[in-house]
Amino acid sequence: MVENMEPDNSPEEEKDLISDAFFRMRDAAKEGGHKLPNLQRPPKKKGSWSGLDSRVPVKAAEGIVADVDKQRAAQAVVRDRAGTVISPSLLKEAGIRLYRKYDRRPAPIGAVLNKAVVDRGWQIHIAHGVIMTEWDSMVGKVVAEHSQVKEFKDGTLVVECQSTAWATQLRLAQRQVLKSIAERVGDGVVEEIKVLGPKAPNWRKGKLHIEGRGPRDTYG
Numbered sequence: 128m129v130e131n132m133e134p135d136n137s138p139e140e141e142k143d144l145i146s147d148a149f150f151r152m153r154d155a156a157k158e159g160g161h162k163l164p165n166l167q168r169p170p171k172k173k174g175s176w177s178g179l180d181s182r183v184p185v186k187a188a189e190g191i192v193a194d195v196d197k198q199r200a201a202q203a204v205v206r207d208r209a210g211t212v213i214s215p216s217l218l219k220e221a222g223i224r225l226y227r228k229y230d231r232r233p234a235p236i237g238a239v240l241n242k243a244v245v246d247r248g249w250q251i252h253i254a255h256g257v258i259m260t261e262w263d264s265m266v267g268k269v270v271a272e273h274s275q276v277k278e279f280k281d282g283t284l285v286v287e288c289q290s291t292a293w294a295t296q297l298r299l300a301q302r303q304v305l306k307s308i309a310e311r312v313g314d315g316v317v318e319e320i321k322v323l324g325p326k327a328p329n330w331r332k333g334k335l336h337i338e339g340r341g342p343r344d345t346y347g
């Protein structure tokens with residue numbers, strides 16, 4: 128019984144077959160209008176990698192701040208000469224502080240202003256100003272036309288109304304007004320609203336006078 132044996136190609140024949148196929152592919156690409164690479168151009172050399180690129184220059188001395196590249200500080204890993212990763216807790220004990228990328232990021236202007244307001248105790252003054260300027264949106268335009276904020280002290284807001292009727296209406300809506308104020312200046316800033324009616328005219332003349340039956344609301 129005779130087995131069919133395929134003849135083995137020599138390395139030179141295989142090289143010729145590969146070369147022929149390669150040049151046929153180049154000719155077909157050239158006919159198709161494609162740009163062919165220059166075979167005479169030497170291949171580009173890849174940049175060499177250095178292990179120092181992933182390290183952070185750190186001077187291990189107390190009170191000295193490490194000088195770290197801004198752009199790569201967030202991804203940098205601190206290592207010693209042997210390549211061992213240094214724990215952040217050890218750096219903290221040695222008094223070494225790494226400048227990370229977020230250390231150089233400016234704080235939002237709103238956060239800076241809020242901190243300044245709290246540090247200087249300006250909350251009450253700012254709250255008073257907000258209530259004065261936005262009073263019409265807190266109680267409504269109609270009520271605001273017949274009432275006026277007089278004083279704000281110790282968590283109590285004093286409001287004077289033009290008539291007893293408007294004062295009564297504002298007292299009934301006091302809970303809603305306090306809620307609206309808290310949404311703008313914060314909870315606990317205004318704890319109470321003291322509503323005053325109109326001031327009655329004083330008819331007293333001279334030193335001698337007789338007590339009457341008291342003021343009557345006929346002027347609002």
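The numbering used here applies: residue 128 is where the sequence shown begins, and numbers increase by one.
Glycine is no exception: its CB is placed at the ideal position from the N, C-alpha and C atoms.
Q: Let me know the secondary structure DSSP gives residue 264 once reduced to three states.
A: The residue you call residue 264 lines up with position 137 of the sequence shown. Helix, per DSSP.
Q: With DSSP collapsed to three states, give me the class of residue 277.
A: Taking the sequence shown and counting its residues from 1, one reaches residue 277 at position 150. Three-state result, residue 277: strand.
Q. Does any CB atom of chain B fall closer than 8 Å to the CB of residue 301?
A. As a matter of chain content, chain B is missing from the structure shown, which is built from one protein chain.
**Q.** Cβ-Cβ distance between residue 313 and residue 288 below 8 Å
**A.** What you label residue 313 is simply residue 186 of the sequence shown in a count that begins at 1. What you label residue 288 is simply residue 161 of the sequence shown in a count that begins at 1. No, they are not a contact pair.
**Q.** Spatial neighbours of residue 259 in its chain, beta-carbon cut-off 7 Å, leaving aside the 5 residues before and after
**A.** As a working note, residue 259 is residue 132 in the sequence shown. Result list for residue 259: 276, in chain order.
Q. What is the DSSP secondary structure of residue 310, counted as helix, strand or coil?
A. The count along the sequence shown starts at 1 and reaches residue 310 at position 183. Under the three-state reduction of DSSP, residue 310 is assigned to helix.
**Q.** Simplified DSSP assignment, three categories, for residue 316
**A.** Numbered from its first residue, the sequence shown carries residue 316 at position 189. Note: residue 316 maps to coil in three-state DSSP.
**Q.** residue 297 to residue 311 span [Cα, whole Å]
**A.** As a working note, residue 297 is residue 170 in the sequence shown. As a working note, residue 311 is residue 184 in the sequence shown. C-alpha separation (whole angstroms): 19 Å.
Q: Give the DSSP-derived three-state secondary structure of residue 287 in the structure shown.
A: Here residue 287 refers to the residue found at position 160 when the sequence shown is read from its first residue. Residue 287: strand per DSSP, three-state reduction.
Q: Closer than 8 Å by C-beta to residue 261: which residues in its own chain qualify, once you throw out the five before and the five after it? Chain order, please.
A: Translated into the one-based positions of the sequence shown, residue 261 becomes position 134. The residues are 311.
Q) Cα separation between residue 322 and residue 270? A) To locate residue 322, count along the sequence shown from 1; it is residue 195. To locate residue 270, count along the sequence shown from 1; it is residue 143. Using only the alpha carbons, I get a separation of about 12 Å.
Q. Between residue 303 and residue 334, what straight-line distance do the alpha-carbon atoms span, to the nearest angstrom?
A. For the purposes of this step, residue 303 is identified with residue 176 of the sequence shown, where counting begins at 1. For the purposes of this step, residue 334 is identified with residue 207 of the sequence shown, where counting begins at 1. Here the C-alpha atom of residue 303 lies approximately 46 Å from the C-alpha atom of residue 334.
Q) Between residue 308 and residue 265, is the Cβ-Cβ spacing less than 8 Å? A) Numbered from 1 along the sequence shown, position 181 holds the residue referred to as residue 308. Numbered from 1 along the sequence shown, position 138 holds the residue referred to as residue 265. Less than 8 Å separates the beta-carbon of residue 308 from that of residue 265.
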